[in-house]
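Protein chains in written order, with numbering that gives the first Met the number 0: chain U, 0 to 281; chain W, 0 to 281; chain Z, 0 to 281; chain C, 0 to 281.
Number of protein chains: 4
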Amino acid sequence: MPPPDRHLVRRGTAAQRTLVKLPNGTTFGGDAVVLCAGPCSVESGEQIETTAAAVAAAGASVLRGGAFKPRTSPYAFQGLGRNGLSLLRSAADRHRMGVVTEVLDPRDVEMVAGFADMLQIGTRNMQNFALLREAAMAGKPILLKRGFAATVDEWLMAAEYILIAGNPNVVLCERGVRSFDSTTRNLLDVSVVPLLHEMTHLPVMVDPSHGTGVARLVEPMSLAAVAAGADAVMVEVHPDPAHAASDGPQSLTPEQFASLSRKLAEVASAIGRRVPELGIAV
Amino acid sequence: MPPPDRHLVRRGTAAQRTLVKLPNGTTFGGDAVVLCAGPCSVESGEQIETTAAAVAAAGASVLRGGAFKPRTSPYAFQGLGRNGLSLLRSAADRHRMGVVTEVLDPRDVEMVAGFADMLQIGTRNMQNFALLREAAMAGKPILLKRGFAATVDEWLMAAEYILIAGNPNVVLCERGVRSFDSTTRNLLDVSVVPLLHEMTHLPVMVDPSHGTGVARLVEPMSLAAVAAGADAVMVEVHPDPAHAASDGPQSLTPEQFASLSRKLAEVASAIGRRVPELGIAV
Amino acid sequence: MPPPDRHLVRRGTAAQRTLVKLPNGTTFGGDAVVLCAGPCSVESGEQIETTAAAVAAAGASVLRGGAFKPRTSPYAFQGLGRNGLSLLRSAADRHRMGVVTEVLDPRDVEMVAGFADMLQIGTRNMQNFALLREAAMAGKPILLKRGFAATVDEWLMAAEYILIAGNPNVVLCERGVRSFDSTTRNLLDVSVVPLLHEMTHLPVMVDPSHGTGVARLVEPMSLAAVAAGADAVMVEVHPDPAHAASDGPQSLTPEQFASLSRKLAEVASAIGRRVPELGIAV
Amino acid sequence: MPPPDRHLVRRGTAAQRTLVKLPNGTTFGGDAVVLCAGPCSVESGEQIETTAAAVAAAGASVLRGGAFKPRTSPYAFQGLGRNGLSLLRSAADRHRMGVVTEVLDPRDVEMVAGFADMLQIGTRNMQNFALLREAAMAGKPILLKRGFAATVDEWLMAAEYILIAGNPNVVLCERGVRSFDSTTRNLLDVSVVPLLHEMTHLPVMVDPSHGTGVARLVEPMSLAAVAAGADAVMVEVHPDPAHAASDGPQSLTPEQFASLSRKLAEVASAIGRRVPELGIAV
Numbered sequence: 000m001p002p003p004d005r006h007l008v009r010r011g012t013a014a015q016r017t018l019v020k021l022p023n024g025t026t027f028g029g030d031a032v033v034l035c036a037g038p039c040s041v042e043s044g045e046q047i048e049t050t051a052a053a054v055a056a057a058g059a060s061v062l063r064g065g066a067f068k069p070r071t072s073p074y075a076f077q078g079l080g081r082n083g084l085s086l087l088r089s090a091a092d093r094h095r096m097g098v099v100t101e102v103l104d105p106r107d108v109e110m111v112a113g114f115a116d117m118l119q120i121g122t123r124n125m126q127n128f129a130l131l132r133e134a135a136m137a138g139k140p141i142l143l144k145r146g147f148a149a150t151v152d153e154w155l156m157a158a159e160y161i162l163i164a165g166n167p168n169v170v171l172c173e174r175g176v177r178s179f180d181s182t183t184r185n186l187l188d189v190s191v192v193p194l195l196h197e198m199t200h201l202p203v204m205v206d207p208s209h210g211t212g213v214a215r216l217v218e219p220m221s222l223a224a225v226a227a228g229a230d231a232v233m234v235e236v237h238p239d240p241a242h243a244a245s246d247g248p249q250s251l252t253p254e255q256f257a258s259l260s261r262k263l264a265e266v267a268s269a270i271g272r273r274v275p276e277l278g279i280a281v
Numbered sequence: 000m001p002p003p004d005r006h007l008v009r010r011g012t013a014a015q016r017t018l019v020k021l022p023n024g025t026t027f028g029g030d031a032v033v034l035c036a037g038p039c040s041v042e043s044g045e046q047i048e049t050t051a052a053a054v055a056a057a058g059a060s061v062l063r064g065g066a067f068k069p070r071t072s073p074y075a076f077q078g079l080g081r082n083g084l085s086l087l088r089s090a091a092d093r094h095r096m097g098v099v100t101e102v103l104d105p106r107d108v109e110m111v112a113g114f115a116d117m118l119q120i121g122t123r124n125m126q127n128f129a130l131l132r133e134a135a136m137a138g139k140p141i142l143l144k145r146g147f148a149a150t151v152d153e154w155l156m157a158a159e160y161i162l163i164a165g166n167p168n169v170v171l172c173e174r175g176v177r178s179f180d181s182t183t184r185n186l187l188d189v190s191v192v193p194l195l196h197e198m199t200h201l202p203v204m205v206d207p208s209h210g211t212g213v214a215r216l217v218e219p220m221s222l223a224a225v226a227a228g229a230d231a232v233m234v235e236v237h238p239d240p241a242h243a244a245s246d247g248p249q250s251l252t253p254e255q256f257a258s259l260s261r262k263l264a265e266v267a268s269a270i271g272r273r274v275p276e277l278g279i280a281v
Numbered sequence: 000m001p002p003p004d005r006h007l008v009r010r011g012t013a014a015q016r017t018l019v020k021l022p023n024g025t026t027f028g029g030d031a032v033v034l035c036a037g038p039c040s041v042e043s044g045e046q047i048e049t050t051a052a053a054v055a056a057a058g059a060s061v062l063r064g065g066a067f068k069p070r071t072s073p074y075a076f077q078g079l080g081r082n083g084l085s086l087l088r089s090a091a092d093r094h095r096m097g098v099v100t101e102v103l104d105p106r107d108v109e110m111v112a113g114f115a116d117m118l119q120i121g122t123r124n125m126q127n128f129a130l131l132r133e134a135a136m137a138g139k140p141i142l143l144k145r146g147f148a149a150t151v152d153e154w155l156m157a158a159e160y161i162l163i164a165g166n167p168n169v170v171l172c173e174r175g176v177r178s179f180d181s182t183t184r185n186l187l188d189v190s191v192v193p194l195l196h197e198m199t200h201l202p203v204m205v206d207p208s209h210g211t212g213v214a215r216l217v218e219p220m221s222l223a224a225v226a227a228g229a230d231a232v233m234v235e236v237h238p239d240p241a242h243a244a245s246d247g248p249q250s251l252t253p254e255q256f257a258s259l260s261r262k263l264a265e266v267a268s269a270i271g272r273r274v275p276e277l278g279i280a281v
Numbered sequence: 000m001p002p003p004d005r006h007l008v009r010r011g012t013a014a015q016r017t018l019v020k021l022p023n024g025t026t027f028g029g030d031a032v033v034l035c036a037g038p039c040s041v042e043s044g045e046q047i048e049t050t051a052a053a054v055a056a057a058g059a060s061v062l063r064g065g066a067f068k069p070r071t072s073p074y075a076f077q078g079l080g081r082n083g084l085s086l087l088r089s090a091a092d093r094h095r096m097g098v099v100t101e102v103l104d105p106r107d108v109e110m111v112a113g114f115a116d117m118l119q120i121g122t123r124n125m126q127n128f129a130l131l132r133e134a135a136m137a138g139k140p141i142l143l144k145r146g147f148a149a150t151v152d153e154w155l156m157a158a159e160y161i162l163i164a165g166n167p168n169v170v171l172c173e174r175g176v177r178s179f180d181s182t183t184r185n186l187l188d189v190s191v192v193p194l195l196h197e198m199t200h201l202p203v204m205v206d207p208s209h210g211t212g213v214a215r216l217v218e219p220m221s222l223a224a225v226a227a228g229a230d231a232v233m234v235e236v237h238p239d240p241a242h243a244a245s246d247g248p249q250s251l252t253p254e255q256f257a258s259l260s261r262k263l264a265e266v267a268s269a270i271g272r273r274v275p276e277l278g279i280a281v
């Protein structure tokens with residue numbers, strides 16, 4: 000086993016920071032802070048189109064949305080599947096957005112990669128090594144969420160599985176870890192942002208929606224993430240959070256997202272970065 | 000979504016406790032405390048045969064051994080694969096033992112089920128729902144390990160995925176959870192044994208090897224598990240722990256396992272249960 | 000700072016295991032497993048007398064009961080204070096029991112030591128070093144509960160504060176630690192029993208009442224603690240748990256305690272230890 | 000027991016946000032973000048004077064420094080005691096700074112209050128109720144650090160102990176909580192900043208030095224705290240971190256603190272707040 004400083008994921012193995020690029024021009028790891036937004040689940044053509052139009056206008060360049068949902072209970076909504084992917088792709092294309100969506104099963108990787116620009120490995124699957132290997136080989140960038148009780152070292156080793164399979168395009172996404180206090184859904188670990196920037200050349204995203212589980216905390220924690228140096232923020236947005244099929248309590252309305260985007264631009268500017276111009280997603 | 004008390008996994012939905020049986024006669028959930036033992040990884044024919052002979056003689060009726068190993072690092076030993084399964088099956092058959100082994104990939108389920116009597120879902124895959132569904136349909140009993148940071152409710156919901164797929168033969172295995180104290184590898188939660196016996200009709204196993212990560216703690220924690228009512232204990236045994244390919248520090252020698260088995264019989268008797276007679280595995 | 004192996008608390012600094020003795024003859028750390036029992040709070044003369052009579056008859060040799068209660072909310076019952084201590088002492092004397100009770104304030108140590116045979120340092124005060132020093136100098140044995148999020152090393156260092164103040168009579172009490180799962184009040188860490196027996200010469204007690212917070216789990220977890228080698232068990236007993244001023248949901252009735260005591264004797268015997276004869280506390 | 004919404008600590012019981020003021024004009028809870036800085040321990044007159052001069056010039060209006068140190072090991076440096084307090088007071092006075100310092104023992108409260116403008120209750124003593132009551136009655140504002148494994152509700156109830164003793168001047172300080180990942184010393188919970196602003200009228204401070212334990216993470220996490228709405232930041236600064244008596248690895252040099260202060264001003268401005276002018280502490 001090579002020593003940690005020889006691992007592909009460690010800083011020093013790349014001459015410079017890795018830039019992960021999507022076909023619509025979105026670049027993770029550069030000067031601009033990337034905004035990813037969209038609903039937890041794709042529910043209908045109208046829902047995803049309304050959301051895409053709103054978040055693109057507010058500066059988001061990547062559309063998120065789940066079609067295969069990993070749910071704690073087998074009785075909970077499991078997603079629209081392939082049809083959801085098709086709706087997601089169409090909405091993104093109408094607004095020149097990239098698409099990121101989760102894949103759960105190694106047998107679905109090829110199909111999901113046919114619709115998505117970036118494959119998300121969810122928190123429950125961070126150490127699903129069969130899935131990591133298969134996803135790595137699909138030729139698309141990977142969004143690797145932190146396991147909800149994974150140490151930083153375990154997370155980096157999961158990324159290493161992708162890198163040694165020949166895919167250098169990995170973005171790490173902090174989404175909160177489990178703690179002893181149930182006041183919030185998870186405990187968002189903002190400190191991993193500067194820590195990862197020391198330890199690895201890969202870009203770092205923060206998801207304050209899952210990280211807190213509380214819509215009112217999403218704006219301040221998004222600002223905190225950017226102030227700490229995050230390369231991207233992922234936010235759940237739904238046109239009608241009260242009636243969302245999943246994760247309503249942590250979803251912003253389109254208006255709240257637009258307000259957040261303006262404030263993010265101020266904080267990004269304060270630390271010498273920028274967010275994309277409003278209305279110009281790419 | 001049905002209320003919790005209507006879930007299949009909850010006590011009351013079965014007229015009596017579920018008994019999970021293997022072809023060699025091993026029964027989980029009855030009067031006898033089942034002993035599962037074997038190495039972390041199958042390493043060679045000689046290693047698995049030596050171990051099987053010793054643990055069978057000491058009262059174990061189920062042989063464990065990993066052929067597909069989920070390892071944090073991609074550089075660590077990943078197991079012998081299909082060849083390991085074949086060696087495991089042969090050794091078990093020579094000693095009239097059942098076989099339990101882990102499956103990692105839904106595409107491997109059918110193949111692994113061709114060798115094993117019981118399919119293990121490991122701690123990292125407790126919420127790998129694609130794997131749970133595929134394993135459930137293979138027609139073999141499932142050993143469902145607790146996720147290392149899973150709540151009891153999440154664990155029971157993972158079992159529910161298996162039960163609603165039509166497979167009623169699930170054994171739940173506590174193997175330690177993650178805590179703030181790194182003195183031991185995990186924190187073995189013995190209290191889930193009586194708690195689960197209140198909440199579900201499924202048998203409960205305890206794995207003190209992974210639960211502590213320290214060979215010297217395996218005996219006292221095995222005794223504690225049986226005193227608390229565990230239906231089965233799983234112990235890692237290796238003929239030469241110092242040279243094991245994985246998990247050496249938590250593995251017992253065959254002699255230590257034989258000593259443990261005798262003490263387990265005493266404690267089981269003290270609470271009105273029994274362990275199988277030495278040398279008569281089934 | 001001396002290296003860990005030169006600390007007073009570490010095994011090897013005492014030629015043999017420390018025996019902690021109370022005036023009524025109770026010895027912690029010897030062959031016999033000591034039973035401590037009593038209500039969370041002393042509520043009245045009748046309540047404590049009824050409880051003392053019952054638990055003494057069932058084999059308990061130490062009476063517990065709180066007179067100064069550390070409560071999360073300032074509006075919760077804070078204990079009877081000095082009057083509670085007096086009632087506790089009288090009840091214990093009538094049944095030849097020792098008394099252990101908690102002290103919260105260094106200014107109260109002398110007064111509490113006038114009534115108690117053993118001073119308890121509670122979980123919230125494990126690192127209240129001013130209190131540790133003052134209690135150490137009162138000339139009575141100390142029951143040092145583990146902080147609810149303390150590592151084993153921090154716990155041993157807290158004991159070291161007492162030992163270097165010249166008081167060698169410390170019993171360590173595991174009472175559950177905080178975890179991510181709120182199914183039980185705390186997560187009882189039974190594995191510290193054998194771990195501490197390796198690391199220190201001090202006796203180890205387990206408190207399954209606070210450790211689980213659920214009365215139905217107290218019996219199986221007491222059995223587990225003794226099977227793992229605990230030198231003592233502390234159990235909350237109340238004549239009418241449903242109307243207890245504090246901790247009712249985790250308190251046993253006197254009848255439940257008597258049943259537990261009989262089963263503890265069986266398990267203790269299975270591992271070569273004993274509990275005191277019923278009705279003969281000392 | 001009154002319902003939570005009737006507790007003094009809850010928002011709604013004050014017509015407006017509480018402003019906590021120190022004699023030098025420092026106000027916690029207003030528009031300005033307060034900077035508290037200084038060494039972990041007061042070590043000498045020269046050390047504290049050098050630090051005070053530097054941090055005052057960089058915008059800090061409150062000088063921190065420990066004279067009574069709560070240390071895990073009894074062999075670690077325990078602080079200079081009363082002499083340290085005197086040195087701390089003199090240095091602060093020379094630079095028109097306020098003084099905050101920790102008190103450990105209720106018997107020391109009056110003496111410490113003779114030197115300090117604000118009494119700190121440390122993380123290990125958050126539920127040391129005897130100390131909370133005594134400190135509350137000294138007539139000085141209280142800095143109440145979060146227990147390292149305390150829930151938000153427990154923390155607010157600890158503040159309630161102070162408020163019902165008649166002292167309304169409490170500042171809450173997040174300093175990191177214990178987690179399963181030892182990569183950082185603690186896990187700094189930035190999300191409590193906006194959460195507390197919803198739940199209580201009390202000002203909120205963040206301590207990224209203890210919160211991370213790593214000097215390089217102090218700047219980004221200070222920026223994150225202010226972006227999330229923190230009313231104050233506390234930073235450990237030492238003229239020679241490599242030779243500090245305690246907490247060197249997490250201490251900034253005076254130059255690093257000056258750089259941090261400038262960046263904090265930018266981020267504060269981006270969210271509509273300000274930090275005091277450089278060189279004008281009050």
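Even for Gly, the Cβ is constructed at its ideal location relative to N, Cα and C. This one's a predicted model, so the numbers in the text were calculated from it and none came from an experiment.
Distance check for residue j and residue i, CA to CA, integer angstroms please.
| i | j | result |
| --- | --- | --- |
| A134 (chain Z) | T252 (chain C) | 40 Å |
| L21 (chain Z) | A223 (chain Z) | 25 Å |
| V111 (chain W) | T100 (chain U) | 31 Å |
| G165 (chain U) | L118 (chain U) | 15 Å |
Cβ of residue i less than 8 Å from any chain W Cβ?
| i | result |
| --- | --- |
| R123 (chain C) | no |
| S72 (chain C) | no |
| I279 (chain U) | Low local confidence applies: a pLDDT of 47 at I279 (chain U) is under 50, so the model's placement there is unreliable, with the coordinate-based value given in what follows. By this cut-off, I279 (chain U) is not an interface position. |
If contacts are defined as beta-carbon pairs under 8 Å, then residue i and residue j qualify, I think. What distance do you get, rounded to the angstrom?
| i | j | result |
| --- | --- | --- |
| V192 (chain U) | V205 (chain U) | 7 Å |
| A55 (chain C) | L84 (chain C) | Contact doesn't hold; Cβ gap of about 19 Å is too wide. |
Compare the Cα-Cα distances from residue i to each of the options and report the closest residue.
| i | options | result |
| --- | --- | --- |
| Q255 (chain C) | C:D30, C:A53, C:T26, C:R93 | C:A53 |
| R132 (chain C) | C:L259, C:G113, C:V108 | C:V108 |
| L7 (chain Z) | Z:R273, Z:Y160, Z:D239 | Z:Y160 |
| E42 (chain Z) | Z:P240, Z:Q126, Z:S181, Z:E218 | Z:P240 |
| N127 (chain W) | U:N166, U:P105, U:R63 | U:P105 |
| A267 (chain Z) | Z:F179, Z:A227, Z:Q249 | Z:A227 |
From the beta carbon of residue i, is the nearest beta carbon of chain Z less than 8 Å away?
| i | result |
| --- | --- |
| V189 (chain W) | yes |
Could I get the ranges of all uninterrupted alpha helix (DSSP H) runs contained in the region 62–86 of chain W, with 4 residues as the minimum, in chain order? none
With a floor of 4 residues, list each alpha helix (DSSP H) that falls wholly inside the region 81–117 of chain Z, ordered by position along the chain. 81–93, 108–112
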